[in-house]
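First residue of the sequence shown: 1, per the UniProt record's numbering; consecutive thereafter. For every residue, glycine included, the Cβ atom is placed at its ideal position computed from N, Cα and C. Predicted model, so just to flag it, every value in this text is computed and none were measured. As structure tokens, the structure follows; a few thoughts come after it.
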Amino acid sequence: MSATAGQAQGERGLAERLGLKPGQVVQEIGWDEDVDDDLRDSIENLTGTELLDEESDEVVDVVLLWWRDGDGDLFDTLTNAMRALAEGGQIWLLTPKSGREGHVEPSDIGEDAATAGLSQTSSISAAPDWSGTRLVTPKGRR
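Listed below in structure tokens is the structure:
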């Protein structure tokens, strides 16, 4: 395998860890200069679609939400993000890892997600500086 092919597989693997699939529509909320561009690129490469910005009014399969401590009210942002989700859609909440500027305590995520009517299903290391928490609406509400 060439270095380029290995690199492409590694990038694709970032998006695959999020459970994304070709053809899915992904909206990105909370972009700033500190986001992980490799993860963003891998999502676009795997899905075959460009990330929609937060101004989009399209129905989406996945919301990619970059969130840092101090960004505002997480409950309000999650509630607004849910409006764009297709039935069975998911939100990937990406927060800086522990020890990094803007880190958000997992208990805060769990509390705000539950209040917004979302269930936390998994957590992963999404990128070198970012943790990912998968949030979905409970099956009874879908």
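Count the other C-beta atoms from every protein chain shown that fall within 10 angstroms of the C-beta of residue i, then say buried if there are 16 or more, exposed otherwise.
{"i": "V59", "result": "exposed"}
{"i": "E28", "result": "buried"}
{"i": "residue 144", "result": "Only positions 1 to 142 of the chain appear in the structure, and residue 144 is not among them; the question remains open."}
{"i": "W130", "result": "buried"}
{"i": "S42", "result": "buried"}
{"i": "G89", "result": "buried"}
{"i": "W31", "result": "exposed"}
{"i": "D112", "result": "buried"}
DSSP on residue i, reduced to helix/strand/coil?
{"i": "A5", "result": "Low per-residue confidence applies at A5: pLDDT is 39, beneath 50, and the placement is therefore not dependable, though the value from the model is reported in the following sentence. The answer is helix: DSSP assigns A5 an H, G or I state."}
{"i": "G48", "result": "coil"}
{"i": "G110", "result": "helix"}
{"i": "residue 172", "result": "Since the first and last residues shown for the chain are 1 and 142, residue 172 lies out of range."}
{"i": "T121", "result": "strand"}
{"i": "R141", "result": "Residue confidence for R141 is low, a pLDDT of 49 falling below 50, so the modelled location carries little weight; the figure read from the coordinates is stated next. Three-state DSSP puts R141 in a helix."}
{"i": "L64", "result": "strand"}
Quick one: measure Cβ to Cβ for residue i and residue j, integer angstroms, because I've assumed they're closer than 8 Å.
{"i": "L94", "j": "L118", "result": "With 8 Å as the limit, L94 and L118 do not qualify as a contact, their Cβ atoms being about 15 Å apart."}
Query raised in the report: Curious, which full-length alpha helix (DSSP H) runs of at least 4 residues does the region 67-103 contain?
Result: Runs of the alpha helix (DSSP H) inside the region 67-103: 74-82.
Report task. Could you tell me whether the region 33-49 touches the region 69-77, using the rule of 3 or more Cβ pairs below 8 Å? Result -> A contact is defined here as three or more CB-CB pairs under 8 Å, and the region 33-49 fails this definition with respect to the region 69-77.
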